[in-house]
Structure formats: structure tokens, C-alpha cells
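Undergrad: First residue of the sequence shown? That's 20 in our numbering, and the numbers climb one at a time after it. The beta carbon of each residue, even a glycine, is placed where N, CA and C say it ideally should be.
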Amino acid sequence: GPGHVGLMCVVAAKAAGARSIIVTGTSADRLRLEAALDAGAGHVIDVDAEDAVERVREITRGRMADVVMEVTSLSTQAVQQAFQMVGFAGTVLLAGLKNDAPVELVTDDIVLRGLTVKGGAGSTPDSMRAAARLINEGEVPTQDLLGEVFALDDFDEAMSLLKREHPERDAIKVTIRHG
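1. At what residue ranges does the stretch 37 to 91 contain a whole run of the beta strand (DSSP E), taking only runs of 3 or more?
2. Hey, how far is the Cα of residue 118 from the Cα of residue 83?
3. In three-state terms, what does DSSP make of residue 157?
4. Check each candidate in 194, 67, 155, 47 and name the one with the smallest Cα separation from residue 176.
5. Per DSSP, what kind of secondary structure is residue 137 in: helix, strand or coil?
6. Inspect the beta-carbon positions of residue 183 and residue 97 and report whether they are closer than 8 Å.
7. Between 91, 104, 65, which has its C-alpha nearest residue 24's C-alpha?
8. Restricting to Cα atoms, I'd like to know which of 53, 79, 113, 196 is closest to residue 172.
9. Below 8 Å between beta carbons: does that hold for residue 78 and residue 41?
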């Protein structure tokens, strides 16, 4: 997904030398999909408008993705699609939390295609050093990815935007500042 974690994955993949970066999102994610392109994604897919798995197949000429980072919150379908988008001997990173909702997977597919599955949320000392290096070297478009910052007095407006209750308005990230 093209939230702030997904957008940082774009930056990290670009810095790591990824040849092709594909980001998926919904039609409500228009602003965020544009931000993904600005951050370095080569392709964005509106999952409401087209079949994401088939589009990945087209973009990769049938090879599918080497690595899929599933960072979408709540959507269990996104997990299933991640496994459909990854190619033989590829890696799927699961980092989007689903509020303990079960996800149906055919594990034979993981075994037979030699997939690597990793879970990850948060950071390590090494990843923090790498992130700081990218920021300090100007590789992270921090201003673009900052999103909207609200004063504590504007908490209700910030939460309304975070919950996406404004169809005409979106933010990549919502931050509340005290003071």
C-alpha cells in the first residue's frame, strides 16, 4: 500500500538498486500513488480499476516480482495477492497488521515455488543507521513524505483526515504536534 511505510519501502528499494518498483493502492489512494511515482516507483496500480496480479505479470513480462513487501493495514486480500505477485524463489515480506484476522493461504504453493516468507515490523539498529544515512544524503524526499502536521488543538480535524472522512482531501501521513 502507498501509506507512509509503503512509500518508505519505495525509497529503500530505489536506494538498494531495484530495477523496477511497483506500488499498488486503491482509487482513494490517488495522492499517495502520485507520491509513490515521485519517490521512485516506476509503476502504480489502482487495484479498484485493474487486476493487480495480471498487471504485475504484464509489467514483469511474466516473471513476476522478486520481492513483494505487503505493508497494507487490515486487507487480508493484499496478503493473498502478494503471494500471487511473487515469482519463483522470490521473497514476501509481511509487515501490514490485520487486527488478528486470519488469512487463507495454500502453503503448498510456498513450498513448491521455493518462496521465502519474512515477517517484519519496526526497525533494527542497522536499518535505523541506513535510514539516517539515506535522509542525511538527501535520498528521502522528507518534505513530500511528511504529510500534514496539526497542532494538538486540531486533534479532531487530524483524526478525521486520518480516518479518511474527507473524500476531497487526503494526506500521506498525519502528525499531531504538541506546542
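TA: A quick look at the data gives this:
1. Fully enclosed beta strand (DSSP E) runs of 3 or longer: 41 to 44, 62 to 65, 84 to 89.
2. One-based indexing of the sequence shown puts residue 118 at position 99. One-based indexing of the sequence shown puts residue 83 at position 64. If you take the alpha carbons of residue 118 and residue 83, they lie about 28 Å apart.
3. Translated into the one-based positions of the sequence shown, residue 157 becomes position 138. Here residue 157 sits in coil by DSSP.
4. For the purposes of this step, residue 176 is taken as residue 157 along the sequence shown, with counting starting at 1. Here the closest residue by C-alpha is 194.
5. As a first step, residue 137 is located in the sequence shown; it is residue number 118 there, counting from the start. Of the three classes helix, strand and coil, the one that applies to residue 137 here is strand, per DSSP.
6. Start at 1 with the first residue of the sequence shown, and residue 183 comes out as number 164. Start at 1 with the first residue of the sequence shown, and residue 97 comes out as number 78. At least 8 Å separates the beta-carbon of residue 183 from that of residue 97.
7. Along the sequence shown, one-based indexing puts residue 24 at 5. In terms of Cα proximity to residue 24, the closest of 91, 104, 65 is 91.
8. Within the sequence shown, numbered from 1, the residue matching residue 172 stands at position 153. Considering only alpha carbons, the answer is 196.
9. By one-based count along the sequence shown, residue 78 stands at place 59. By one-based count along the sequence shown, residue 41 stands at place 22. Yes, Cβ-Cβ distance for residue 78 and residue 41 is below 8 Å.
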